[in-house]
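Reading through the structure tokens given below for one structure.
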DNA sequence: TGGGGTGATATTTTT
DNA sequence: TATCACCCCA
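Numbering (this note's numbering), first residue to last: 65 to 733.
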């Protein structure tokens, strides 16, 4: 605590009421939260079980947990709830499921599952319709985040399309209920509704909780904000930490205006600003400040640093996107040689995923190791989804979404028409698919052969459900999968043996993880499955730091991270700011995105842009991003702006590289 | 069931 | 232009 700066210390010690900590990039916000948790426990007599700390990612929660544990020496942190918003909601729902009308082992549908459900609804109830599933999903998510019921949504619909979306919304909610399932948004929404409708439960929770801490407050949506308000009640003992300049998820319901709302809702709120930056050198910070000054602010702040000045920010301009990639890679190699450092100190950041392609190619040409963050995540791999679906159906027989996924995986000769007949039957009987599979009346609708298959499947599920204990071992589950011949199926259905091996490995990883979670905590299998739905990329932390690889990721993915040297590529109009954002009038968010990218850099920052880019198969001219002109000219050092051709540019780079290699090869130094 | 042809679609995606 | 979901047919 003694090493905190005055603003940080004030944020930690202020416990008399609601507090909002405006924490600029690199100002030590995680530290403030962890120190405050420790302070509340050790100095204020608050028990760990009376504290709630929420983050947005599992990674952040994990990090915070371990930092608090080391502050408290582990002893006093038992029962401390540091989790994501969604896990918090899940815990609440698990405890109060009966009041909400959910069965004990309700399932969680991820976005993909939910989309599948929507598709089913559309096909079944709305015939062939041109509505885009993603649009419906986005609309429903928006309504849930804004606490709007299907009825409200319908009455507020402005046109045919919105009305359709709202109607599907109401069907969607009904289906979820029937499946004894919830989606991600429900994990926040249902607790809010529960607390709003049941004063007794609300009081119970308000009495239990003495302080709530929220990280990345700028990313909360209205629903989450309401949850915080409900949990803290009139005492309003909370600490919100965030940075309105780093709000980059508005398109997903995050509301930066939750900042201004706060002052209206809590006039006495204490606002503390953390303005000292411990990450970047002066040159980078100054430029970032200049850029973000173009955005309106509710709370003015000015980041400063006592670090050294650092080098000027460079701007490399090339002819095409291919040249840009080559230039970045050559520059990186040169830089690395000169500074005798490692690859993992470098990050190449971009606005959209497709920009990684040419860079990856250039990196491969030079045999430089790199890690591309993003792409398909662990839990959206098909083999993992299959296994999860089996476990879900076994613990929650009403989970029709899971049933549909695995009814014919591995192949059981149960085709679409059989499934359709089965669904119709189940619907007419008002039961779930698994139960319907076992009913006698089914023989009226299905042919003998199909009937046998379906019955075989359902019996197997029931049988396995009875056999599997509440806390099975990895070996138990593996035995189950082997009984299914699942691994054989994987082998037969993979593009090549290597892919099959990888898939196998993923399943093994999953089983090991489940076993570990079952042992670590006093959790049942269904608890663990629910938690797994909220988890992602478990092995990301460890790999990222240990391996010596150049980091490639989108600006969104870079939030919260820092790197010694950053390349921010594609600084062009239409790309950053993205073309869609110009007419959607979300330039401010694009500016924040650029700001986030810039402030990731500790020691050096390099912008790149090219004057031509292949887009949809056509060469197109590109203009420098307006954001470059928002930074004072003297902060930037342009290279290649003059008529130097790219060929010369690359040649120069290669020449220089060869020179350095020779120099090092000879062994001076 | 799997392969090939077709046509729509190209921003970001914490949970 | 590259990709991918989808549909139809053998």
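Quick reminder that beta carbons are idealized off the backbone N, C-alpha and C, glycines included.
Confirm, please, whether the CB-CB distance from residue j to residue i is below 7 Å.
i, j, result
"residue 649", "residue 355", "no"
"residue 305", "residue 281", "yes"
"residue 485", "residue 518", "no"
"residue 383", "residue 83", "no"
"residue 115", "residue 251", "no"
"residue 653", "residue 314", "yes"
"residue 570", "residue 445", "yes"
"residue 457", "residue 412", "no"
"residue 338", "residue 665", "no"
"residue 201", "residue 179", "yes"
"residue 341", "residue 369", "yes"
"residue 393", "residue 427", "yes"
Could you give the residue range of the alpha helix (DSSP H) that holds residue i?
i, result
"residue 429", "420-429"
"residue 565", "561-584"
"residue 188", "175-189"
"residue 392", "385-403"
"residue 290", "286-296"
"residue 229", "224-242"
"residue 200", "197-209"
"residue 692", "690-693"
When you compare only the Cα positions, how much space is there between residue i and residue j?
i, j, result
"residue 700", "residue 346", "13 Å"
"residue 686", "residue 640", "11 Å"
"residue 548", "residue 253", "37 Å"
"residue 482", "residue 503", "15 Å"
"residue 323", "residue 278", "13 Å"
"residue 709", "residue 613", "Confidence in residue 709 is poor, its pLDDT being 48 and thus under 50, which makes the residue's placement unreliable; the coordinate value appears in the next sentence. Going by the C-alpha atoms only, they are around 30 Å apart."
"residue 123", "residue 398", "33 Å"
"residue 706", "residue 619", "Legend: pLDDT at residue 706 = 48, less than 50; position of this residue unreliable, value from coordinates given subsequently. If I take the Cα positions, the gap works out to 29 Å."
"residue 268", "residue 432", "57 Å"
"residue 357", "residue 317", "24 Å"
"residue 616", "residue 108", "44 Å"
"residue 296", "residue 271", "9 Å"
"residue 589", "residue 264", "30 Å"
"residue 520", "residue 492", "22 Å"
"residue 676", "residue 631", "19 Å"
"residue 408", "residue 400", "10 Å"
"residue 258", "residue 163", "8 Å"
"residue 237", "residue 210", "15 Å"
"residue 577", "residue 523", "28 Å"
"residue 673", "residue 479", "52 Å"
"residue 248", "residue 176", "11 Å"
"residue 389", "residue 372", "30 Å"
"residue 599", "residue 683", "41 Å"
"residue 624", "residue 298", "32 Å"
"residue 629", "residue 585", "40 Å"
"residue 542", "residue 476", "20 Å"
"residue 47", "residue 92", "Summary: the structure shown does not reach residue 47, with the chain confined to residues 65 through 733, and so no result is reported for it."
Under DSSP, the beta strand (DSSP E) around residue i begins and ends at which residues?
i, result
"residue 337", "334-338"
"residue 702", "700-703"
"residue 145", "145-148"
"residue 682", "682-685"
"residue 670", "665-674"
"residue 463", "Looking at the DSSP string, residue 463 is not in any beta strand (DSSP E), and its letter there is neither H nor E."
"residue 87", "83-87"
"residue 117", "115-119"
So residue i and residue j are in contact, right, with Cβ under 8 Å, and what is the actual spacing, rounded?
i, j, result
"residue 309", "residue 656", "6 Å"
"residue 146", "residue 117", "4 Å"
"residue 244", "residue 488", "Between residue 488 and residue 244 the Cβ distance is about 21 Å, and since that is not below 8 Å, they are no contact."
"residue 291", "residue 266", "About 11 Å separates the two Cβ atoms, so there is no contact after all."
"residue 351", "residue 662", "7 Å"
So, at 8 Å on beta carbons, what are the nonlocal neighbours of residue i in its own chain, with the 5 sequence-adjacent residues on each side left out?
i, result
"residue 246", "157, 166, 170, 171, 172, 173, 240 and 254"
Using a Cβ-Cβ cutoff of less than 7 Å, which residues in the same chain neighbour residue i once the five nearest sequence positions on both sides are dropped?
i, result
"residue 550", "474"
"residue 168", "161"
"residue 261", "none"
"residue 447", "554, 567, 570 and 571"
"residue 128", "94, 97, 98, 117, 119 and 146"
"residue 651", "641 and 645"
"residue 326", "84 and 333"
"residue 148", "118, 119, 120, 121, 122, 125 and 598"
Short of 6 Å in beta carbon distance, which residues of its chain neighbour residue i, apart from the five on each side in sequence? Order them along the chain.
i, result
"residue 643", "none"
"residue 386", "422"
"residue 606", "Only weak support exists for where residue 606 lies, its pLDDT of 46 falling under 50; the value from the coordinates is given anyway. So no residue of the chain qualifies."
"residue 622", "413 and 664"
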